[in-house]
Structures are given as structure tokens and as C-alpha cells.
Amino acid sequence: MMAEGGAPMNGPPPSYEESLYPSLFNQQTAHSRREENINGTPVSSSDQLAVVIKACDFAARRHRTQRRKDLLQTPYINHPIGVAHILTSEANITDLATITAAILHDTVEDTNTSFEEIEEMFGKEVHDIVKECSDDKSLPREVRKKLQVENAPRRSLKARLVIMADKLYNCRDAERSTPVGWDRSRKLEYMRWAKRVVERFEPTNKALESALNEVFSRNLER
Numbered sequence: 001m002m003a004e005g006g007a008p009m010n011g012p013p014p015s016y017e018e019s020l021y022p023s024l025f026n027q028q029t030a031h032s033r034r035e036e037n038i039n040g041t042p043v044s045s046s047d048q049l050a051v052v053i054k055a056c057d058f059a060a061r062r063h064r065t066q067r068r069k070d071l072l073q074t075p076y077i078n079h080p081i082g083v084a085h086i087l088t089s090e091a092n093i094t095d096l097a098t099i100t101a102a103i104l105h106d107t108v109e110d111t112n113t114s115f116e117e118i119e120e121m122f123g124k125e126v127h128d129i130v131k132e133c134s135d136d137k138s139l140p141r142e143v144r145k146k147l148q149v150e151n152a153p154r155r156s157l158k159a160r161l162v163i164m165a166d167k168l169y170n171c172r173d174a175e176r177s178t179p180v181g182w183d184r185s186r187k188l189e190y191m192r193w194a195k196r197v198v199e200r201f202e203p204t205n206k207a208l209e210s211a212l213n214e215v216f217s218r219n220l221e222r
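For the record, in the sequence shown the residue sitting at position 17 is 17 according to the UniProt record's numbering, with numbers rising by one throughout.
As C-alpha cells, this is what we get:
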């Protein structure tokens with residue numbers, strides 16, 4: 001979210017043939033590992049790391065021409081990685097699907113990526129979380145914002161975590177430096193809207209709720 005396209009690069013993104021990721025387990029193995037995990041055998045940390053690195057690589061390629069709307073026009077990939085970092089470092093989330101979805105959460109909404117690609121490469125659970133976090137860009141902006149508020153109570157726990165971390169990252173970013181093309185009024189409008197969204201969630205994560213409330217208090221209760 002809050003992306004701004006950069007100068008396009010020639011040619012399509014590099015192909016994601018299996019040969020690019022020789023160390024990654026195939027879909028059949030991944031399925032069996034998930035079954036083992038459900039039955040109490042933990043998925044190995046090396047497998048988890050491989051999935052996270054694959055998601056970072058995929059997101060970086062898809063967001064490669066985009067920049068944030070800050071004065072420095074920082075690479076857009078900083079945002080999804082930052083959202084994942086908030087989840088792991090502040091909210092103490094270690095669930096692999098949630099972290100992977102956080103890294104990928106804007107790929108369908110803001111790049112030429114399909115939900116089918118997400119499911120094929122990262123599985124149905126990640127697909128479902130990303131889908132819950134994605135707006136329909138064919139709708140007008142105000143309609144999309146209204147739907148986020150209306151649909152908030154129906155979001156799954158893992159989607160709520162990603163959305164809260166996303167809103168927290170964006171609000172902190174706007175607090176540090178008003179996005180290019182925005183004035184203070186629009187910045188506060190974004191924060192008020194973000195507050196309406198997260199207030200409609202069931203209790204989800206105390207650390208995220210506290211961090212969001214701190215940002216809202218600093219900016220909206222003056």
C-alpha cells in the first residue's frame with residue numbers, strides 16, 4: 001500500500017523455474033511436512049528459512065520498479081519486509097504462513113501477480129491470507145477504504161495480524177515524514193481510517209494494539 005511506480009524495466013520478470021530454487025522442497029514434500037507439523041513434528045528451521053527467502057526474492061522482483069512515497073523514494077520492498085519484521089520482533093509471531101503472507105501481502109494488489117501464482121508457489125494458506133489483505137483495485141479508492149472497515153470483523157486471525165502490522169508500518173512512516181503529495185490533513189485522514197479498521201478487529205495481539213494506540217494517541221488526540 002502507499003506504493004508509487006518507478007521507471008519500468010524492459011522485459012518480464014525472470015522465470016521462476018524450479019531450477020532457480022534447487023534447495024527448496026517440492027510441493028509434495030511441502031504437503032507432507034505440513035501434515036507432520038500438524039501431527040506434532042516441527043517443520044525444520046532450514047525449510048522455514050528457505051520459504052521466507054523465496055518470498056523475499058519473489059516480492060523484491062515484483063516490486064522492483066516501485067518506490068515508497070517518502071522524500072528519499074526508498075525501494076518499496078522495504079515496506080513488506082518491514083511489516084514482517086514488526087510481526088516477528090514486536091508481536092512475537094513465528095507462524096510461517098503469517099510471515100510469508102506479510103512479505104507477499106501487496107504483490108497481487110500492487111504488481112502483476114495473480115492469486116494463482118501465490119497459491120502455486122507458497123500454498124493455499126498463504127494465498128488465503130494474502131487474498132484477505134488485498135483490495136480490489138478495480139473499485140474506486142473510497143469504496144475500497146469503506147470495504148476494509150466493513151469487512152474487518154470477518155478477517156481471520158492471521159490476516160488481522162498482517163493488516164495491523166501493515167497499518168502500523170504505514171502510520172509510523174507517515175509520522176516520520178509526510179508522504180510526497182500529501183498534506184497533514186491527508187496524513188491524519190489515513191490514520192483515522194486505519195484506526196477505524198483495526199478497532200473493528202476482535203482482540204488480536206496486545207503488542208500491536210498497544211503500538212497502534214500509541215501512534216494514534218500521538219497524532220489524533222491533540
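We put the CB at the ideal spot given by N, CA and C, even for glycine. None of the values given here were measured: they were computed from a predicted structure.
query	result
Any chance you could list the alpha helix (DSSP H) runs of at least 4 consecutive residues sitting entirely within the stretch 181-214, in chain order?	184-199
From Asn39 to Leu208, what does the alpha carbon distance come to, in whole angstroms?	Here the model assigns Asn39 a pLDDT of 38, short of 50, so the residue's position is not dependable, and the following value carries that caveat. When rounded, the distance between both Cα atoms is 30 Å.
Is the beta carbon of Ala101 closer than 8 Å to that of Val126?	yes
Taking the Cβ atom as the reference point for each residue, do His79 and Arg64 lie within a distance shorter than 8 Å?	no
Quick check on DSSP: helix, strand or coil for Phe25?	Because Phe25 sits at a pLDDT of 43, beneath the cut-off of 50, its placement in the model cannot be relied upon, and the point is left open.
Which ranges does the alpha helix (DSSP H) cover as unbroken runs of at least 4 residues, wholly within the UniProt domain "HD/PDEase" (72-180), from first to last along the chain?	78-89, 96-104, 107-110, 115-122, 124-132, 141-151, 157-176
Do Val83 and Leu104 have their CB atoms nearer than 8 Å?	no
Quick one, are the C-beta atoms of Leu188 and Asn219 less than 8 Å apart?	yes
Using C-beta distances below 7 Å, list every residue in its chain close to Ile86, excluding the 5 sequence neighbours before and after it, in chain order.	Ala165, Leu168, Tyr169
Which residues in the same chain have their Cβ closer than 7 Å to the Cβ of Lys145, if we skip the five residues on either side of it in sequence?	Trp193
Check whether chain B comes within 8 Å of Pro153, counting only Cβ atoms and requiring the distance to be less than that.	Looking for chain B here will not work: only one protein chain is present.
Would you grab the beta carbon distance between Thr111 and Arg141 for me? Rounded to a whole angstrom, and I think it's under 8 Å.	No, Thr111 and Arg141 are not in contact; Cβ-Cβ is about 18 Å, not under 8 Å.
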